[in-house]
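Letter by letter, the sequence shown follows residues 774 to 945 of our numbering.
A quick write-up on the structure given underneath.
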Amino acid sequence: LLREHGVEVNIFTWKHGRLMCEKNQLEDVNFFLSEADRFEKLPFTPLYIIRAILGIKKIQEVINSGYFENKRVVIYSASDFYPDLLPGLYFKHKFLQALWMAGFYLFAPNPFLGYDKSMKNLWYWLSQKLAYSLTKRYADSVCITSEPDIKYFQSPRLTNKDIFVMKGGLDY
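Right under this line is the structure:
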């Protein structure tokens, strides 16, 4: 549908992201795959970091190739997880005319307010604080899951027209 309107869709992901796109019948897009699948046997934390680094590396390779020159570019980060967020932020800073749309779908509960106080939950909550700050400061638009979260992203830079509520799993 987007190609019919002259829009080229380019997806930066890794093998598992492409498989998910194919499973959901996403067609007529260009994939740029990082080599992160070479490391998929590693534990979560090193793989998480490697995916972010290799995502940034792949974006830099494609920018250096001149692929995006003279093109209108919107980059979408699918979540606030760093392997999604950091490559989008990097692209935004290296390709200044690009618009960055960031996905930020659920706020992690504060582990100090009665929620599970595990190190994993504390780590996620803290990492999301930085992700939220980077998203609010640099994203050109944000996708969220509910109207009550709009107020957390509103700013002189991000107005209601820049914040999109996308209710997951619902077909209208």
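In this text, a Cβ means the ideal position worked out from N, Cα and C, and glycines have one as well.
This one's a predicted model, so the numbers in the text were calculated from it and none came from an experiment.
Bounding residues of the beta strand (DSSP E) (the contiguous stretch that carries residue i)
i    : result
T786 : N783 to T786
F926 : Here F926 belongs to no beta strand (DSSP E); instead the alpha helix (DSSP H) covers I923 to F926.
V780 : Here V780 belongs to no beta strand (DSSP E), and DSSP marks it neither H nor E.
Strand pairing of residue i, partner residues [DSSP]
i    : result
A875 : S850 and V915
F841 : In DSSP, F841 forms no bridge with anything.
F937 : C916
Residue i versus residue j - alpha carbon distance
i    : j    : result
V847 : K814 : 32 Å
K924 : V938 : 12 Å
P856 : S900 : 12 Å
E834 : I784 : 14 Å
P860 : P819 : 17 Å
S807 : Y911 : 24 Å
S891 : F841 : 43 Å
I917 : M793 : 21 Å
P921 : A875 : 17 Å
R824 : K831 : 10 Å
L879 : S928 : 19 Å
Residue i, DSSP secondary structure in three states
i    : result
V835 : helix
F885 : coil
L827 : helix
L806 : strand
F812 : helix
E800 : coil
R791 : helix
L895 : helix
T932 : coil
K909 : helix
Q870 : coil
F880 : coil
K902 : helix
Host alpha helix (DSSP H) of residue i (start-end)
i    : result
F864 : Y855 to K867
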